[in-house]
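Written below as structure tokens is the structure these notes are about.
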Amino acid sequence: MDWFGRRWRVLVLLAGLTGDRAWAQRSELMPVAPMPEATAAARWVAQETPPPGFLVHEKPDAGVTADGSPPMTLAELEAIALERNPTLQQAAMQVEAFRGEYLQAGLHPNPVIGYQAEEIGDQGTAGQQGGFVEQEIVTAGKLGLRRRVAGHAVAEAQSLLAAQRQRVLNDVRSGYYDVLAAQRVVEVSEEIVRIQEKGAETTRQLLEAKEVSRVDLLQANVEAESARLKRSTARNRLEAAWRRLTAVLGAPGMPMPRLDAVRESDMAQLEWQESFDRLLSSSPELAAAKARVDRARCEVARQCADRVPNVGVLGAVRYDNAEQQTLASVQVGMPLPVFNRNQGNIYRAQSELVAAQAEVDRLELQLYNRLAEAFERYRNSQTQITRYTSEILPSAQQAMELVAQGYRQGELSYLELLTSQRTFADVNLDYLESLQQFWTSTVAIEGMLLTGGLQTTLGSAN
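Numbering follows the working numbering, with no gaps: position 31 of the sequence shown is 445.
Next up, the structure:
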């Protein structure tokens, strides 16, 4: 990211430090507005001019890491997560479990076959010996209705699988941007430490020359120690961000690579109505809720069909040893729906249908609410980025340069110079936070507002 390199180069100049050409050649994280040239006052403090190519936006080596290997891309991380995240296997197996229910729901009852003996001992014989076959005949299309209910359960599980896949991808993308930002903060923090340590040394030399007071040296030492503390915090933040990301990847302990930079062309421009329409048409959460409505509707039809009793048919063949003849019998029967006409189950199914329809309405309103919150964060960060690049960052730089000029003329103290440098640093770090917030909210909006790449999917469909 060029914007930190450009602005911290000015900070180097103001502190009287030599430039580091490698700093200007680091790959960018996110796009920013170009920096103006250093002023004469800044060059007076550093007594040097910016190195050639300092303000170049594109670098010929921006696509490789320090060891010459290409950086890891977001697509590569996504592929790892889709292969190794255990929640996706959970969700996929739930789909297969419901496929099993679908298969089972359409199977006919098995026939019953058995041995039958009557009048044993009649006239000193074995009596009637034979066998029978009994079959239950399912009526009113119940098997087809049961299979339709199970089919909608499969569709619901498939939608939940799609939702979990999107959750995993969203968490990977958010984690990717978190690590990118954390890596950049570490780089900036290390540069701040170098600047402050060099500034403290320069102040010590000025104190020996009796050009500044001891207070200036103490303040410079405080600034250097504060910079070291912030660097430690930034490193811890980077480690934590990477560990969180590897957990979602299903690859804990994976060594941290250099991640590919984000380009300006990747920054999406989102509109509210378009995003909301897309959410309503493509949300897997909403698709699962609608599948539950279809399932509940078919369940009502199935329970109504259950009012019609099944028919039982039995056929038997026996040999009467006493009479020396073969006998056959047929039996057909069915329950009379006099008392139990499945009223309770029908009422339950109808109530569940109404509840499922209300759940669709509730979920649409919840998605509207969640999108409003995400869009607020997106708009705020987008506005902040614009204000930072157009007004705040240039003003902070100009203020720092004017303080440097006043310090040169003896009108301002070294403490005021350090304060202006600290303000400039804070503004840049705040800008980085705004960029991170921009990408996080963009991921949420484009990813159907789904999070929780490690939450269990067991029991999510029933």
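Every residue gets a Cβ at the ideal spot worked out from N, C-alpha and C, and that includes glycine.
Being a predicted model, the structure only gives us computed values, none of them experimental.
I'd like to know if the segment 599-610 and the segment 636-645 are in contact, where contact means that at least 3 CB-CB pairs between them fall below 8 Å.
yes
Buried or exposed: which applies to Thr870, given that a residue is buried once 16 or more other Cβ atoms fall within 10 Å of its Cβ?
Taking the first residue of the sequence shown as position 1, residue 870 is located at position 456. Label assigned to Thr870: exposed.
Please report the residue range of the beta strand (DSSP E) in which Glu737 lies.
Position 323 of the sequence shown, counting from 1, holds the residue named residue 737. Per DSSP, Glu737 belongs to no beta strand (DSSP E) and is neither H nor E.
Between which residues of its own chain and Gln764 is the CB-CB distance below 6 Å, once the five residues before and five after are set aside?
Start at 1 with the first residue of the sequence shown, and residue 764 comes out as number 350. When the five nearest sequence neighbours on each side are left out, the beta carbons in the same chain lying within less than 6 Å of the beta carbon of Gln764 are those of Val714, in order along the chain.
Taking three-plus beta-carbon pairs below 8 Å as touching, is the segment 738-756 in contact with the segment 771-787?
Contact between the segment 738-756 and the segment 771-787 is not established, with fewer than three Cβ pairs separated by less than 8 Å.
Residues in the same chain with beta-carbon distance under 6 Å from Ser603, minus the five sequence neighbours each way, listed in chain order, please.
As a position in the sequence shown, residue 603 is number 189, starting the count at 1. Answer for Ser603: Lys644, Arg645 and Ala648, listed in chain order.
Buried or exposed, going by whether 16 or more other CB atoms sit within 10 Å of the CB of Thr865?
What you label residue 865 is simply residue 451 of the sequence shown in a count that begins at 1. Thr865 is exposed by the Cβ-count criterion.
Answer with buried or exposed for Leu431, where buried requires no fewer than 16 other C-beta atoms within 10 angstroms of its C-beta.
If you number the sequence shown from 1, residue 431 lands on position 17. Here Leu431 scores only 31 on pLDDT, less than 50, and its place in the model should not be relied on; the value that follows carries that caveat. In summary, Leu431 is buried, with 16 or more beta-carbon neighbours lying within 10 Å of its beta-carbon over all protein chains present.
If we count the other Cβ atoms within 10 Å of its Cβ and call it buried at 16 or more, is Thr854 buried or exposed?
For the purposes of this step, residue 854 is identified with residue 440 of the sequence shown, where counting begins at 1. Around the beta carbon of Thr854, 16 or more other beta carbons sit within 10 angstroms, so the residue counts as buried.
If we count the other Cβ atoms within 10 Å of its Cβ and call it buried at 16 or more, is Asn842 buried or exposed?
Numbered from 1 along the sequence shown, position 428 holds the residue referred to as residue 842. Asn842 is buried by the Cβ-count criterion.
Please identify the residue among Ser627, Glu847, Trp656 and Phe690 whose C-alpha is closest to the C-alpha of Leu829.
The count along the sequence shown starts at 1 and reaches residue 829 at position 415. It is Ser627 whose Cα lies nearest to the Cα of Leu829.
Mapping the DSSP letters down to three states, classify Ile534 as helix, strand or coil.
As a first step, residue 534 must be located in the sequence shown, where it is residue number 120. Of the three classes helix, strand and coil, the one that applies to Ile534 here is coil, per DSSP.
So Gly726 and Glu515 are in contact, right, with Cβ under 8 Å, and what is the actual spacing, rounded?
For the purposes of this step, residue 726 is identified with residue 312 of the sequence shown, where counting begins at 1. For the purposes of this step, residue 515 is identified with residue 101 of the sequence shown, where counting begins at 1. Not really, about 25 Å apart at Cβ, beyond 8 Å.
Using CA atoms only, rank isn't needed, just tell me which of Arg721, Ala564, Ala736 and Glu532 is closest to Val752.
Counting from 1 along the sequence shown, the entry for residue 752 is found at position 338. The residue with the shortest Cα to Cα distance from Val752 is Arg721.
Quick check: the Cα distance between Pro698 and Thr803, rounded to an integer number of angstroms?
As a working note, residue 698 is residue 284 in the sequence shown. As a working note, residue 803 is residue 389 in the sequence shown. Cα-Cα distance, rounded: 37 Å.
Does DSSP put Ser950 in a helix, in a strand, or in coil?
Lying outside 415 to 876, the shown extent of the chain, residue 950 is not represented and no answer is given.
Can you give the Cα-Cα distance for Ala705 and Leu521, rounded to whole angstroms?
As a position in the sequence shown, residue 705 is number 291, starting the count at 1. As a position in the sequence shown, residue 521 is number 107, starting the count at 1. Counting only the Cα atoms, Leu521 lies some 23 Å from Ala705.
Trp656: buried (16+ other C-beta within 10 angstroms of its C-beta) or exposed?
In the sequence shown, residue 656 corresponds to position 242, counting from 1. Buried, since its Cβ has 16 or more Cβ neighbours within 10 Å.
Jot down the residue ranges of each uninterrupted alpha helix (DSSP H) in the segment 773-838, minimum 4 residues, whole runs only, in chain order.
807-822
Excluding five sequence neighbours on each side, which residues of the same chain lie with their C-beta closer than 6 Å to the C-beta of Ala571?
Within the sequence shown, residue 571 is the residue found at index 157, counting from 1. Contacts found: Gln508, Val509, Phe512 and Ala875.
Please name the residue, chosen from Ser827, Met862 and Val629, that lies closest to Arg692 on a Cα-to-Cα basis.
The residue given as residue 692 occupies position 278 in the sequence shown. Nearest of Ser827, Met862 and Val629 to Arg692, Cα basis: Met862.
Among the residues of its own chain, which have a CB less than 6 Å from the CB of Gly867, if the five just before and after it don't count?
On the sequence shown, position 453 is the one that residue 867 refers to. Closer than 6 Å at Cβ, skipping near neighbours: Arg581, Val582, Asp585 and Val662.
Would a C-beta distance cut-off of 8 Å place Gly541 and Gly535 closer than the cut-off?
Along the sequence shown, read from residue 1 onward, the residue named residue 541 stands at position 127. Along the sequence shown, read from residue 1 onward, the residue named residue 535 stands at position 121. Taking a C-beta distance under 8 Å as the contact criterion, Gly541 and Gly535 qualify as a contact pair.
Contact between the segment 610-624 and the segment 547-565: three or more CB pairs below 8 Å?
no
Mind checking whether Thr856 and Ala682 have CB atoms under 8 Å apart?
By one-based count along the sequence shown, residue 856 stands at place 442. By one-based count along the sequence shown, residue 682 stands at place 268. In this structure, Ala682 lies closer than 8 Å to Thr856 by Cβ.
Is the beta carbon of Gly613 closer than 8 Å to that of Ala634?
Along the sequence shown, read from residue 1 onward, the residue named residue 634 stands at position 220. Along the sequence shown, read from residue 1 onward, the residue named residue 613 stands at position 199. Cβ distance < 8 Å, so Ala634 and Gly613 count as in contact.
Does the distance from the CB of Gln798 to the CB of Phe838 come in under 8 Å?
In the sequence shown, counting from the first residue as 1, residue 798 sits at position 384. In the sequence shown, counting from the first residue as 1, residue 838 sits at position 424. No, these two residues do not count as a Cβ contact at 8 Å.
DSSP three-state label for Leu868, please.
Reading the sequence shown from its first residue, position 454 is the one you call residue 868. Here Leu868 sits in coil by DSSP.
Would you kindly work out how many angstroms separate the C-alpha atoms of Ser809 and Asp844, rounded to a whole number?
Walking along the sequence shown from the start, residue 809 turns up at place 395. Walking along the sequence shown from the start, residue 844 turns up at place 430. Taking the straight line from one Cα to the other gives about 15 Å.
Does DSSP classify Leu443 as helix, strand or coil?
Taking the first residue of the sequence shown as 1, we reach residue 443 at position 29. With a pLDDT of only 38 at Leu443, under 50, the local geometry of the prediction cannot be trusted, and the value read off the model is given with reservation. Here DSSP, grouped into helix, strand and coil, assigns Leu443 to coil.
May I ask you to list the residues that DSSP assigns as paired with Gly528?
Position 114 of the sequence shown, counted from the first residue, corresponds to residue 528. DSSP, once it has assigned bridges, lists Phe546 as partnering Gly528.
Let me know the secondary structure DSSP gives Ser627 once reduced to three states.
Taking the sequence shown and counting its residues from 1, one reaches residue 627 at position 213. Three-state DSSP puts Ser627 in coil, outside helix and strand.
Beta carbon of Leu700, beta carbon of Tyr590: below 8 Å?
As a working note, residue 700 is residue 286 in the sequence shown. As a working note, residue 590 is residue 176 in the sequence shown. In this structure, Tyr590 does not lie closer than 8 Å to Leu700 by Cβ.
On the premise that Glu653 lies in contact with Ala710, defined as a C-beta separation below 8 Å, what is that separation, rounded to the nearest angstrom?
In the sequence shown, the residue the question calls residue 710 occupies position 296. In the sequence shown, the residue the question calls residue 653 occupies position 239. Not a contact, Cβ separation roughly 48 Å.
Considering just the uninterrupted stretch of the alpha helix (DSSP H) at Asn584, what are its terminal residues?
To locate residue 584, count along the sequence shown from 1; it is residue 170. Its alpha helix (DSSP H) spans residues Lys556 to Glu622.
Going by beta carbon distance, what residues of the same chain come within less than 6 Å of Pro485, once the five residues before and after it are set aside?
Here residue 485 is taken as the residue at index 71 of the sequence shown, counted from 1. So the list reads Thr479, Arg672, Leu673 and Asp674, once near-sequence residues are dropped.
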